[in-house]
Amino acid sequence: MSTAPAASGSTARLVLLGPPGAGKGTQAARLAERLGVPAISTGDIFRANIKGGTELGRTAQEYTARGELVPDEVTNAMVRDRLAQPDAVQGFLLDGYPRNTAQVGELDAILEADGRALDAALEITADSDVVVERLLKRAEIEGRADDTEPVIRRRLDVYAEQTAPVSGLYAERDLLVRVDGIGEVDEVTERLLAALASQVG
4 MSTAPAASGS TARLVLLGPP GAGKGTQAAR LAERLGVPAI STGDIFRANI KGGTELGRTA
64 QEYTARGELV PDEVTNAMVR DRLAQPDAVQ GFLLDGYPRN TAQVGELDAI LEADGRALDA
124 ALEITADSDV VVERLLKRAE IEGRADDTEP VIRRRLDVYA EQTAPVSGLY AERDLLVRVD
184 GIGEVDEVTE RLLAALASQV G
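With this note's numbering as the guide, the letters of the sequence shown map in order to residues 4 to 204.
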């Protein structure tokens with residue numbers, strides 16, 4: 004049962020931003036349940052297309068098998084297809100997209116074509132040292148030997164270079180809501196919901 008703060012019949016079209024280790028995946032699932040909208044992760048879209056053997060999935064797999072990022076045009080096509088599905092018409096929570104400014108423009112175009120618009124971009128912030136510590140601990144628990152401190156810090160640098168400008172664009176449109184992601188999971192969820200209510204309320 005949804006306990007969304009929004010009134011019945013309203014929508015929530017959201018983008019969730021934040022560096023690796025900020026807790027986006029956890030919070031995306033919790034927010035989506037509370038708001039009654041699907042949490043849409045680009046990783047999940049890729050896996051679904053690859054598993055389903057779609058043309059887009061086969062193309063994506065060629066890149067991921069080489070350890071390369073899937074090109075924007077493939078990612079954009081998958082997101083466009085996913086947002087057209089019935090469960091996403093009234094709202095969605097996008098996690099992992101847009102990851103650069105070009106994808107922001109593409110998302111705008113996808114939504115405008117259907118007469119829709121984004122309600123807010125939620126950015127979970129976290130101190131980099133706390134994130135590094137968190138990811139090192141997770142790597143130890145999950146046996147991810149490749150997740151060393153230099154590798155994690157490089158991933159944070161890449162995020163800052165590529166995705167942080169996305170935050171700037173949404174801030175210029177007064178759509179950006181920044182929320183501290185450090186704390187108990189429940190506490191951060193409530194913080195996000197409160198910030199969202201003040202933004203779209």
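Backbone N, C-alpha and C define an ideal beta-carbon position, used for all residues, glycine too.
Source: prediction; values computed, not measured.
Rounded Cβ spacing between A124 and V203 (contact assumed at less than 8 Å): Here the question's residue 124 lines up with position 121 in the sequence shown. Here the question's residue 203 lines up with position 200 in the sequence shown. Contact flag wrong, Cβ pair sits at about 11 Å.
Backbone CA spacing between G146 and A116 [nearest angstrom]: One-based indexing of the sequence shown puts residue 146 at position 143. One-based indexing of the sequence shown puts residue 116 at position 113. For G146 and A116, the distance between alpha carbons rounds to 45 Å.
Own chain, CB closer than 7 Å to L138, minus 5 neighbours either side, in chain order: Counting from 1 along the sequence shown, the entry for residue 138 is found at position 135. Answer for L138: P23, G24, D150 and I155, listed in chain order.
Reduced DSSP category for L34 - H, G, I as helix; E, B as strand; rest coil: Position 31 of the sequence shown holds residue 34. L34 falls in the helix class under three-state DSSP.
Cβ neighbours of T192 in the same chain (closer than 8 Å, five flanking residues each side left out): Taking the first residue of the sequence shown as 1, we reach residue 192 at position 189. Taken in chain order, the residues that qualify are Q30, R33, L34 and R37.
Straight-line gap, L114 to V134 (C-alpha atoms, nearest Å): Here residue 114 is taken as the residue at index 111 of the sequence shown, counted from 1. Here residue 134 is taken as the residue at index 131 of the sequence shown, counted from 1. One C-alpha to the other measures close to 33 Å.
Inter-residue Cα distance where the pair is G21 and L97: For this step, residue 21 is matched to residue 18 along the sequence shown. For this step, residue 97 is matched to residue 94 along the sequence shown. Near 12 Å, if we compare the C-alpha coordinates of L97 and G21.
Identity of the residues DSSP links to G94 by a beta bridge: As a working note, residue 94 is residue 91 in the sequence shown. DSSP output for G94 lists A15 as bridge partner(s).
Continuous beta strand (DSSP E) stretch holding R181: start and end: Residue mapping note: residue 181 aligns to position 178 of the sequence shown, counting from 1. L179 to D183 is the extent of the beta strand (DSSP E) around R181.
For L20, three-class secondary structure by DSSP: One-based indexing of the sequence shown puts residue 20 at position 17. Three-state DSSP puts L20 in a strand.
Cut-off 8 Å between Cβ atoms - residues of its own chain near G60, not counting five sequence neighbours on either side: Within the sequence shown, numbered from 1, the residue matching residue 60 stands at position 57. Cβ neighbours of G60 beyond the five flanking positions: F49, A51, N52, I53 and K54.
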